[in-house]
Amino acid sequence: MLILCYAVITFGAYGHQPSMRHLLGDSPDESLVALLSTETQVAEDTPPTFLWHAADDENVAVENSLLFAGALSRHQVPFELHIFESGGHGLGLAEGHPEVKAWPELCEAWLRKRNFL
19 MLILCYAVIT
29 FGAYGHQPSM
39 RHLLGDSPDE
49 SLVALLSTET
59 QVAEDTPPTF
69 LWHAADDENV
79 AVENSLLFAG
89 ALSRHQVPFE
99 LHIFESGGHG
109 LGLAEGHPEV
119 KAWPELCEAW
129 LRKRNFL
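Under the working numbering, the first residue of the sequence shown is numbered 19, with each subsequent residue one higher.
In structure tokens form, the structure reads like this:
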């Protein structure tokens, strides 16, 4: 099982540029960028995945989660995706955000449905 919370997925157009610079330097080889963009690595044996993201996240674009969910769908990997209208980035359990703070319960229900809990 994967549980991804506002995750950096791609080093492509929607990538988190500071992460890319820290990991790959200022002028990374395009083949390395593609290899390390995890949406390109999804396959039928990728674990079922729970994802959530806030649409207004200014640090990691919501498209990261959307790209990964799209790749999971294309490879018929079970997933659950929640996009919250607001909340920003770095929320943890999101106690100060009434809508987003539902994510742990949503995740627990998903894990139970998969007989993981």
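From the three backbone atoms N, C-alpha and C, an ideal C-beta is built for every residue, glycine too.
All of these numbers come straight from a predicted model, not from anything done at the bench.
- [ ] Could you name the residues that DSSP lists as bridge partners for A72?
- [x] On the sequence shown, position 54 is the one that residue 72 refers to. Beta-bridge pairing links A72 to F102.
Task: Range of the contiguous alpha helix (DSSP H) that encloses L54 - done: Sequence index remark: in the sequence shown, residue 54 carries index 36 (1-based). That run of the alpha helix (DSSP H) goes E48 to L54.
Open item on the list: Let me check one thing: in DSSP terms, what residues is I21 bridge-paired to?
Closed with: The residue given as residue 21 occupies position 3 in the sequence shown. Answer is F68, bridged to I21.
TODO: Report yes if the CB atom of G105 is closer than 8 Å to the CB atom of E76, and no otherwise.
DONE: Translated into the one-based positions of the sequence shown, residue 105 becomes position 87. Translated into the one-based positions of the sequence shown, residue 76 becomes position 58. Not closer than 8 Å, so no.
Task: Element boundaries [alpha helix (DSSP H), containing K131] - done: As a position in the sequence shown, residue 131 is number 113, starting the count at 1. That run of the alpha helix (DSSP H) goes W121 to K131.
- [ ] Starting from F86, follow the alpha helix (DSSP H) in both directions and report where the run begins and ends.
- [x] Within the sequence shown, the letter at position 68 stands for residue 86. First-last of the alpha helix (DSSP H) with F86: E81 to R92.
Task: Pairwise C-alpha distance: C125 and T58 - done: Against the sequence shown, residue 58 aligns to sequence position 40. Against the sequence shown, residue 125 aligns to sequence position 107. If I take the Cα positions, the gap works out to 25 Å.
- [ ] Figure out for me which residue from V80, A72 and T56 has the closest Cα to the Cα of I27.
- [x] Reading the sequence shown from its first residue, position 9 is the one you call residue 27. Of the listed residues, the one whose Cα sits closest to I27 is T56.
- [ ] Sort out for me which residues DSSP pairs F97 with in a bridge.
- [x] For the purposes of this step, residue 97 is identified with residue 79 of the sequence shown, where counting begins at 1. T67, per the DSSP bridge assignment.
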